[in-house]
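So the sequence shown is residues -30 to -1, 1 to 785, counted in mature numbering (1 follows the signal peptide of the UniProt record, and there is no 0).
Have a look at the structure below, then the notes.
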Amino acid sequence: MALALARSHALLAGALVAAVLGSAPSASCAHTLPSFAQVRADFHSSETWLLDRQGQRIQRVRTDFQARRGDWTALEDISPALLHAILLTEDKRFYEHSGVDWAAVGSAAWGNLWNERTRGASTITMQLAGLLNAELRARTGGRTWRQKWRQLWSARDLEAHWSKAEILEAYVNLAPFRGELIGIDSLARNTFGKAPSGLDAREVALTAALLRAPNAPATRVAERACLILAQAQSPWGQDCRALRLYTEAALSRPAQRATSGDAPHFARYVMRGAAQPQPVQPAQPTATHDHTPPANAARVREVREVHAVREIPSSLDSRLQRHAAQVLQQQVQALTRHNVHDGAALVLDNASGEVLAWVGTSGLSRSPEVDAVLGLRQPGSTLKPFLYAQAIAQKRLTAASLLEDSPTRIPTAFGLYAPENYDQSYKGWVSVRQALGSSLNIPAVRTLRMVSPESFAQLLRALELHLPEPAGYYGYALALGGVDANLLQLTNAYRTLANGGLHSPIRTQVQPLPTTTQATHPGANAALPVTSPTLSLALSPDSRRVLDAPVAYIVGDILSDRHARLLTFGTDSALATRFWSAVKTGTSQDMRDNWAIGYTPHFTIGVWVGNADGSPMHNVSGIAGAAPVWASIAAFAHRLRPGQRPAPPPELVRLRVRYLAENTGENDRLSAAPSPALLLEAERDEWFLPGTEQAQFTLRRAPAPALAAPSGTGAGGRDPTPARPDARILEPADGTILALDPDIPPTNQMLRIASNHPAPSWWLNGQRVSGLQPGHRHWYWPPTPGRHTIELRSASGQRVIDRVRIEVRGASLKP
């Protein structure tokens, strides 16, 4: 009886509200609502997807941090059980009313009149009206009577213009669920890690429970979910304690990271508005800035456009991207015991400059958010090809010219500069081909003295490398990579060599090019069919010439010559590929950075291995660190493409060259048939610029003089171990000034003292150095402040063969 009376009272109250509402003018209260098509079109995910060149999603990046929205989910892609649970808990008579459940409204009105606690009267349609109109959203303390009044009118208008299916679909996509999660797709993927179509019974109940109280404590959400499961007669509703534990775990699970996929660093590079860099004019020798106001304004516009688009196409090849990431991680993992934790890889299409792969971290990095493709580091020997290119272009050297690989000391404004080879051995006279192919340091420094640091710095700036200081700041260390550069800059610089000296910016989107096009750049063989959407053969229209095509070809020919690498790397190394390739490795000072950069007829590939924090690796060279990754990526990229040797520019001259060594003396003549011992290098065909060709190179050397007059106390008046007359101290140089650092352990500040031939005896400050057997060529000494004299003497110690004086400054060190 009481229940029937209450129900009649509710119906009466609902009828009164309906009567008042029906008499109200629609124009004064109703809000003009958008159409379903407009709402769906205006919906934007808070995440943007980067697409690969085939249109497949490869990377998700969050671009809106005000709320977390997923994709718009169609009604047919949502679990039917979830829709049933939502209707059961939020709007049982959804398919019966016309936007307002008058019985529920009357019940709520009657309860408010008598201060009774009742269920809310808002239907799904009314809730959607509040979501679509910001003026109708509840504020602190709930909606006002005026807001509720307008909400009723808006719900009626929605039902008049939208279908029930459209209302329900829009509601589940716009409803707030918990915290920043908006919409069913965002909730399902961030809370349960699955699509809305795959939710199980427990997840369905939790989702429905969250609609009523999105930010309620987990225990309250679990209680409501358990009631929903019990009403549905689900077995999960029989164990509310287990459901509470599951709820607490699900709601405490951290949301997905801001990015996920296979190319996070490349996606961020694109999102920053650097999608299509403007053509860069040749840089001037003075320092430049990265951002000018016009370019910055353009990038801001690009960023806004990115945020308004849900999917952005890119030039990435997803298969190549995944392979590069996989092989890089495997190599870094294998080198972990050598204190290697980071790496990066970049692949560019030679002709268009399109980025095909961009791996910014190894997957094992201690700093995974750091993009190692853009990190500035010392490039080591990777700058040598450009140095020799400039010397050849200036006709100071040819690929056949001889350079001396021997210890040298170069006076500078900051003291003596004493470069050394990587393996601390010296090869004597070598050709430019061998000096570059085997990455010898001393010949490179001698070449820089010919070219001048100022001229070389100008070339590096034209290649868009990072040189903020004047050339004098870097000095002769430029020859060995004493400047900062990143993998992107270096790889694109090598791409300039691949394109016959034409430099152009990279691109991150596929350029519309014909399927088959005639290759127009110097060094191309002929028209090649594009058998894969990965490639294009039309040069970028904004290319500019940095090097002449014949010069670029000669350098590439050297870098592809496995015999030129023989002195340092041998013939069987990771640099040897089954297709034509030109590649160079490099290792920076203290073994902090390891590089392998090179190109094939179609791709330019760069690999860096090291540590993001700058800590040194342990005994890792370019050939053992980055080169295997480079070779694997190159092989994968060429699995469907030929790799033929580029055709030489027609103006080059090819000539057979011969290298001879001749001893001069009374009979100063060259043998008609010299023995192999007199050949400095094997005969070969060499490329020359017109007017620089030379068929024979003869090195004239004076014979060794006779030994000095007898002296000492040995048998016959001679020293038991006479010294060679040309023996001398190589290290340290005479006049060297050393500065000690008290913060560095003494064992790391040992001074190396060395001679070019086995030494009979070493003397320091007039005292014979004990503990050294005759014949020691080098030894180490813990330096102490003061002036010191180092002498190379005969075995008896009576005759001084060579002497150097040095000065040590700084606090005393106790080894």
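Cβ coordinates follow ideal geometry from the N, Cα and C atoms, glycine included.
Just so we're clear, the structure is a prediction, and the values are computed from it rather than from any experiment.
Hey, T33 and S16 are a contact pair by Cβ (cut 8 Å); roughly how many whole angstroms apart? 7 Å
L151: buried (16+ other C-beta within 10 angstroms of its C-beta) or exposed? buried
Rounded to the nearest angstrom, what separates A361 and F549 at their Cα positions? A361 and F549 have their alpha carbons spaced roughly 28 Å apart.
Which residues bound the alpha helix (DSSP H) around residue 788? Nothing about residue 788 can be reported from this structure: the residues present for the chain run from -30 to 785 only.
In this structure, does DSSP put N469 in helix, strand or coil? coil
Segments of 3+ residues assigned as beta strand (DSSP E) that fall wholly inside the stretch 131 to 164: 146 to 148
Would you call the CB atoms of T18 and E281 closer than 9 Å? yes
Candidates L458, S425, F573: which alpha carbon is nearest Y446's? S425
Could you give the distance in angstroms between the alpha-carbon of A552 and the alpha-carbon of P755? 49 Å
Is the stretch 292 to 303 touching the stretch 594 to 607, taking contact as three or more C-beta pairs under 8 Å? The stretch 292 to 303, when compared against the stretch 594 to 607, does touch it at the 8 Å Cβ threshold.
Determine the contact status of G345 and V329, defining contact as a CB-CB distance below 9 Å. no
Using only CA atoms, which one of F356, V402, A359, G576 lies nearest to E374? Of the candidates F356, V402, A359, G576, the residue whose Cα lies closest to the Cα of E374 is V402.
Quick one: what's got a C-beta closer than 6 Å to R626's C-beta in the same chain, skipping five residues either side? Cβ within range, chain order: D655.
DSSP puts Y569 in a beta bridge; with which residues? A552, T574
Residue from L410, T466, R698 with nearest C-alpha to N320: T466
Could you check if Q459 is buried or exposed, using at least 16 other CB atoms within 10 Å of its CB as the buried criterion? buried
Taking C-alpha atoms, which residue in G452, N735, T759, R366 lies nearest to G661? R366
Buried or exposed by the 16-neighbour rule on C-beta atoms within 10 Å, applied to H572: buried
Report the option in P744, R757, R747 whose CA atom is closest to the CA atom of L734. R757
From the DSSP output, in three-state form, read off T95 for me. helix
With distances taken Cα to Cα, identify the nearest neighbour of E339 among S288, N309, A441, S230. S230
From R294 to P616, what distance separates their C-alpha atoms? Correcting the residue type first, residue 294 is Ala in the shown sequence and not Arg. Each residue's alpha carbon lies about 25 Å from the other.
What is the residue span of the beta strand (DSSP E) that N726 lies within? 721 to 729
Could you pull the start and end residues of the alpha helix (DSSP H) that E173 belongs to? 171 to 182
Could you compute how far the alpha carbon of R172 sits from the alpha carbon of A195? 8 Å
Quick one: using the 10 Å Cβ neighbour count with 16 as the cut-off for buried, is V770 buried or exposed? Counting other Cβ atoms within 10 Å of its Cβ, V770 stays below 16 and is therefore classed as exposed.
Among S764, P752, T759, I760, which has the Cα closest to the Cα of residue 815? In the structure displayed, the chain extends from -30 to 785; residue 815 sits before or after that span and is not available.
Between which residues of its own chain and A463 is the CB-CB distance below 6 Å, once the five residues before and five after are set aside? L433
Are there 16 or more other CB atoms within 10 angstroms of the CB of K554, so buried, or fewer, so exposed? buried
Short check: CB of I137 to CB of L98, under 9 Å? yes
Is A327 helix, strand or coil when you go by DSSP? strand
Mapping the DSSP letters down to three states, classify Q488 as helix, strand or coil. For Q488, the pLDDT reaches just 36, beneath the cut-off of 50, and the residue's location in the model is therefore unreliable, leaving the point undetermined.
Cβ-Cβ distance between W565 and A342 below 9 Å: no
Helix or strand or just coil, what does DSSP make of H533? coil
Measure from the alpha carbon of S335 to the alpha carbon of each residue in R214, Q29, L305, L122, then state which is nearest. L305
In the DSSP output, what is Y629 paired with across the bridge? F667
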